[in-house]
Structures are given as structure tokens and as C-alpha cells.
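Numbering (my numbering), first residue to last: 11 to 676.
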């Protein structure tokens, strides 16, 4: 989206991803939204309905283009292809209309008593079964051209229905979460399944009563049921308990269920995700999450191609070679997929690096913000990966060597961690760790009496970095530390001796490579006095030491200043100016030190300032610039020149010429 059309065309020669984009069917889309998509039984035609305006589009797979488009009066709820090709189609529309289309176009239109939600076609008797916002199932016989007696059910409303392709059992899913099975020959109910109760398991969290939102038969005995809370139940018709319950974990209604026989998979979809899972074990095979919400899923027969109707103009086509071969009208996809497996793929962001503003400052590229080299995105920027690598090498040329050494050190420490280790002090803040260990030992003695478990900072993950990262090292030579902890110096000397002793023991153990038989005993106990007088004396002592150190630093700076030789600087005076002295600058500095009122009074006496009242009551000040000596000499010369001209001016008429009156000068 950042590139222009010209750059996109140029990128097609280099970008592998753009070259791999294939448009199987030309203009395979809807103006706004596609709601349903189906394939004819002969596999030649793909039909889709959508909005806006309500329409149906038929695509010919042999020509890889659109065959025809027909606009409708109202939106289509669902449709069914009755023939092997596109010659007989039935549409169930929103306004209770049932519309029939033949090969040439619109054929007939009728209405059902209540709003319909789904219908199925019974081939042996040529009956259409309509379910919807009613407890009745309406039957329309296409051979006689009239409505037959309805089937009276126990449900208040029905959402979906299906007819078994083997023994033609009619099943319908109700709003109460039940599935009713009817025999079309006797028009009697032969079975009832409570799917709402079976869909609730120990791991399931639902809100409200689950209703049946999808229904699909597989063979003579299997049936899959989808609920409005996101569960899919697989039934054997000989049992009232489901074989397996699969949860999508999104809480969205299941919109479509398809069976894939080559790998024994069930393809279930809600508005967000398409999941493929094994119908025997329930193990996930794969899943897909399109960019837009899903309305319907259609599996092309005997192939690995999948088509979806979305809440977007573009209808998606997916090809998964593991599910089956490509259809015969696009068999070249098999060759393309084999070539793609041989060549490694490049992701979209392989050529870009995401950096934050802090990263840019560390790399010295903060001045590029706002230029075409950085593309703003979220809380940072995208930049070319080549520019990033160059800048990183220039900013820190030894970064890779440091990274390599750090990785080697981590690997060595990981291998050492597997051995039997002794208690060792951390590398950072050893004295602080020793102090905490001593306090912990004292607390253990008190804990036996009080029976209280207190946490240890050394074992707490929140303070783990303080003993690993060198940035957290306590600087005991700083002024703040020495003034805030005056008594620590005495105790720290004892700890330093103890640390030195521990380090010597550890070095001996490493040389001998043997386990220690005992621990070094503490020669001196860490005792601290809380006397206020001792604390004050220690503070005074530390302050005195700090003043001495500061005095030594000042002497060193003074010696350095004496050793440095100052070179004289020369300045050039501009032409037309005279160098008088530094007295004027001294006078100006004295004048600037005075207040504004004193300066005004002084300038008024000198005649360089004129203060007068105005009509509006405010003061008006007029300043006169002080004339320099050169300007005074120039004015005097001009004055003498004017006087000479007056004396030499003569009113003689013979001095007049054609061009005017002349003047004489000496």
C-alpha cells in the first residue's frame, strides 16, 4: 500500500510473493458482500449470491469467467441447485418469497405463510421442505405445483434442515437445541436428539441456551450438528449420545459443516475461523482465519479446493494439496505447488525492520523521521533492512563479537548448571548478597521461635536482575552512599575479609576439583552499634574525607590549568572605524548596571532622550543616537561647502546654457 502503481509493476519482476498471486476466475467477487456459495453437481458452475443490490452470479469454470448475473427483488436467505447444471435453481428470499429460475431466467414466484430460514429438496417425491419462524414444516410439491399438508413439530422455531442422501431421512434443528428426525414416507417423527444438553461439557462455558445453527449428514449413519455457542457434535444415528464434541472456543454460531472423505476430516466454520479436525479423534488438522468474517464455506467435490463467502467483495479460494488434487479446470495448480515447495518462501516483512524511536536514537538515525526512508507504523517505524544493518555496524562495529561471546558464556553456564554446584555468591553486588545471607541466617534462628516464614530476596525472581546485571552494581565510593551509610564502612571491611577468604577457598576447590568437607568459620561476627554518638562521629569523619578528596581534585585541576598555554587571539577592525580604547566599553558596562530610571535621567541630561506627555495620558520617549567624531567631521565639511557655494553664486545671465543654469566651483 506504500508503493505507487509504477513501483508495484517494477516489483513484480523481483518480488516472489507478487509473482505467485493467481487469479483463477476473473472477477470472482460481489459488489459488497457475498452470503452463500455453491457448486453444481457436474462441477462446471459456481454460483454465489450477495448484495448490494441482491443478485446471483454464475461462474463457468471451463471459461474461468462469469457466465451471467441476475438481480433479484429481495435478499436471498439460501438457495439450492436442483439440476446438474444451472438450469433449475430455487431461492428462499427474505420477504417469505420462494423464487424459481430456469435456464433463461425468472420462471415463477410464490410465498410461504411464515418467514423461512432454510429448506431442503426431497428428490423421490419432488417436495420442498421449508423451516423457519414457525412450528410447522411447509411442504411444496413441484410435480403437482401445490402445497401439501404441513408437518407439525414440537419446536417453536426451526433454524436449519437437511435430508439424508441415502435413506432420505428428514432432520431439522430447532431453536431449543434439539434435532427432530422425520420419515417423509409416513410423515411421522421417528427420533429426537437433545443437542443442547449434550454440547455442555465440563470444559464448556456458554451463555444462554444453545440452539442448532448447522446440520449436515454424512452417509447413512453419521450426522454433524453445530450449535449457536460454537460446539460441533458428531452423532451416530443409532445412539442418542454424541461420538465427539468439538468446541471452537470463540462462542460464535457454527455457520457451515462439510465432510472431507479422503482424510476423514470435518470442516466446520464460524464467522471468524475455519477448523479442520479428524472426526474419529477430534485432533486439529489445520485452521484458517480470513481477514473478514465468514458467511459460508463450500468444498469443491473430490479436490483440495475450498471457497468462502465473506463480509467483503472478494470471495476467497484456498487450495490445500494435502486434502486432494486440484480440479481439472485448474490442474496447473499441482505443478505450481510442487515448484513452491522446492523454492523457499519470503515473508512480507523480510525486507523491512521495525524500529522504535529509541532504537533510531541509538543508531543515530533520528533525523530520518519524516523522510521517505521511514514508514510510521503503530509505536515505531518500518525501515529498509539493509539500511538498518549498515547503521548498526557503524554504531557498534563489535556488536556481533560481543553477542557471540555472550552466547558462548551463556552456553557454558547452562552446561555448568547441570553439574553438582556449591552455594556461590553472585558476580554482582557480592557484599549485598553476603549481607542478605547473614540476615537470613539470623532470621532462621528467630524463625524457630516465632514460626514465621519470611521471603528471601536472593530467591525472589523480582530482584533476580539486581545480582546479575552489572548496571545494578552499588557504588560504595559515591558521596550519597558514604553519607547515608556511615557505619557500613566498618561492617563492609569485615565482609571484604570474609569475601576474600571465600574466594581463596573457591579457587582452591576449582584447582583440586573436589567437594569441600566443611565451611569456613566466621572469625569475626558482624556487629553494628546503634549508638547515636558513634553515628554522628562517623558522619563527620566521612564529610572530612569528602572535603579532603574535593581539595585534592581542585589542586589537580589548578595544576592542569597552569600547564596549559593560552595563545593570544587577534581581531580585525572593520574599515571606516577607529579603535579608541576600552574605556567606552567600561563606561557602557557601568551604565548597564544602573536601573532603567537612572539611565533615562542620564540620557535626558545628555540630550539623547526626549520625554513628553501624550493626549492619552501615557509617556512618549524619543531617542537620539549619539553622533560619532567621524560623522561630526563630515557634517562640518558639508557646512563649509554650502557656505562657499553661497559666496560664489552669481546671478549672471551669460552663464545660462541650453540645459539650464550653470554653477562654478573652486
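For glycine and all other residues, C-beta sits at the position ideal for the given N, C-alpha and C. Small disclaimer: the values here were computed from a predicted structure and weren't measured.
Shortest Cα-Cα distance from residue 308 to any of 181, 53 and 450 involves 53.
With distances taken between CA atoms, residue 60 lies nearest to 89 out of 155, 425, 89 and 156. Residue 100 holds the alpha-carbon nearest to the alpha-carbon of residue 91 among 100, 85 and 84. About 11 Å separates the Cβ atoms of residue 294 and residue 278, ruling out a contact at the 8 Å cut-off. The C-alpha of residue 189 is placed about 14 Å away from the C-alpha of residue 161. Shortest Cα-Cα distance from residue 146 to any of 599, 173, 184 and 112 involves 184. The DSSP-derived three-state label of residue 208 is helix. The C-alpha of residue 419 is placed about 47 Å away from the C-alpha of residue 573.
Per DSSP, reduced to three states, the secondary structure at residue 643 is helical. The three-state secondary structure of residue 605, taken from DSSP, is coil. Residue 282 and residue 288 have their C-alpha atoms spaced approximately 20 Å apart. Shown here, residue 132 sits in a strand according to DSSP, grouped into three states. When the five nearest sequence neighbours on each side are left out, the beta carbons in the same chain lying within less than 6 Å of the beta carbon of residue 142 are those of 124, 125, 126 and 127, in order along the chain. In the three-state scheme derived from DSSP, where H, G and I count as helix and E and B as strand, residue 67 is classed as strand. The three-state secondary structure of residue 329, taken from DSSP, is strand. The C-beta distance from residue 113 to residue 131 rounds to 18 Å, too long to fall under 8 Å, and the pair is not in contact.
Scanning its chain for C-beta atoms nearer than 7 Å, with the 5 sequence neighbours on each side dropped, one finds around residue 333 the residues 270, 272, 273 and 314, in chain order.
By the CB criterion at 9 Å, residue 75 and residue 105 fall outside the cutoff. Annotation for residue 298: the continuous beta strand (DSSP E) segment containing it runs 294-298. With fewer than 16 neighbouring CB atoms inside 10 Å of its own CB, residue 42 falls in the exposed class.
The shortest C-alpha to C-alpha distance from residue 155 to any of 371, 120 and 387 is the one to 120. Excluding sequence positions up to five before and after residue 568, its CB lies less than 8 Å from no other CB in the same chain. Per DSSP, residue 368 is one residue of the alpha helix (DSSP H) stretching across 367-373. When the five nearest sequence neighbours on each side are left out, the beta carbons in the same chain lying within less than 8 Å of the beta carbon of residue 369 are those of 390, in order along the chain. Its Cα nearest to that of residue 203, the residue 248 stands out among 603, 248 and 378.
In this structure, the beta-carbon distance from residue 320 to residue 303 falls below 9 Å. Within its own chain, the residues whose Cβ lies closer than 8 Å to the Cβ of residue 198, once the five positions on either side in sequence are excluded, are 192, listed in chain order. In this structure, the CA atom of residue 449 is about 30 Å from the CA atom of residue 556.
According to the DSSP secondary-structure assignment, residue 445 is paired through a beta bridge with no residue. Residue 286 carries a strand assignment under DSSP once its states are collapsed to helix, strand and coil.
Linking residue 310 to residue 417 through their CA atoms gives a straight-line distance of about 51 Å. Secondary-structure assignment with DSSP links residue 158 through a beta bridge to 149.
DSSP links residue 55 through a beta bridge to 70. A buried status is given to residue 266, since no fewer than 16 other beta-carbon atoms sit within 10 Å of its beta-carbon. In chain order, 138 and 157 place their CB closer than 6 Å to the CB of residue 150, counting only its own chain and leaving out the 5 sequence neighbours on each side.
Minimum Cα-Cα distance from residue 49 among the listed residues 159, 37 and 67 corresponds to 67.
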